[in-house]
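Quick note: the sequence shown uses this note's numbering, first residue -16, plus one each step. Since the structure comes first, as structure tokens, the remarks are kept for the end.
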Amino acid sequence: MSGFNNPAVIFVTGISTCVAMGVSGLWGTYLTERSERISSLRELEKATISDLSNTKIESAHKFAMIVVTVVDVVASSITAFFLLLPFLFTRFFNIRICYYISFALSFVTLFLLGIFLGRISKENIIISGAKMVVAGIVSVLISVLLIRNF
């Protein structure tokens, strides 16, 4: 358990996790977007009875696929890094305070993401934000259960 009190271990583990999430997100998002874009392009080709290879439409699909992939990876990596920042200030704060700040930032970030998603879906933004916070709490509880049982 000594690693939980060592800011260097926490930070390096967190950065390693950011990298792993970034690589996983890159591949997952790229492959998903690619499949969806190819399927969409094929449907459009069927509907228009034409080959859209080497057209502006195909280029737009490829560009959108790349943009969505990059945004997904960059956004999640920056957010994860942002949540690790408190552990760089253990010279000034007790490590427990850094944990509290990191958790607070995490839940605020989740709530803001929920608000954003609520606006997009035109749902109640407070309820949408709360749902994201509940998802974060469930994740924390599962992690605590795993740590205590191993």
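Using N, Cα and C, we set each Cβ at its ideal position, and we do this for glycine too.
Note down the Cα distance separating residue i from residue j, rounded to an integer number of angstroms.
i	j	result
Phe72	Ser42	46 Å
Ser(-1)	Leu96	23 Å
Thr(-4)	Tyr82	14 Å
Asn(-12)	Leu67	14 Å
Arg102	Ile109	10 Å
Phe133	Asn107	40 Å
Ala113	Leu27	39 Å
Would you call residue i buried or exposed, if buried means 16 or more other Cβ atoms sit within 10 Å of its Cβ?
i	result
Glu16	buried
Ser22	exposed
Leu128	exposed
Phe65	exposed
Ser111	buried
Helix or strand or just coil, what does DSSP make of residue i?
i	result
Phe86	helix
Phe133	coil
Lys105	coil
Does residue i have its Cβ less than 8 Å from a Cβ in chain B?
i	result
Pro(-10)	Annotation note: the requested chain B is absent from the structure, which comprises a single protein chain.
Say whether the segment 1 to 12 touches the segment 51 to 63, bearing in mind that this needs 3 or more beta-carbon pairs closer than 8 Å, one atom from each stretch. Put simply, the segment 1 to 12 touches the segment 51 to 63. At least three CB pairs are less than 8 Å apart.
With three or more C-beta pairs closer than 8 Å as the rule, is the segment 38 to 53 touching the segment 72 to 88? With a cut-off of 8 Å, the segment 38 to 53 and the segment 72 to 88 do not count as touching, because too few Cβ pairs lie within range.
At what residue ranges does the segment 11 to 75 contain a whole run of the alpha helix (DSSP H), taking only runs of 4 or more? Fully enclosed alpha helix (DSSP H) runs of 4 or longer: 39 to 67.
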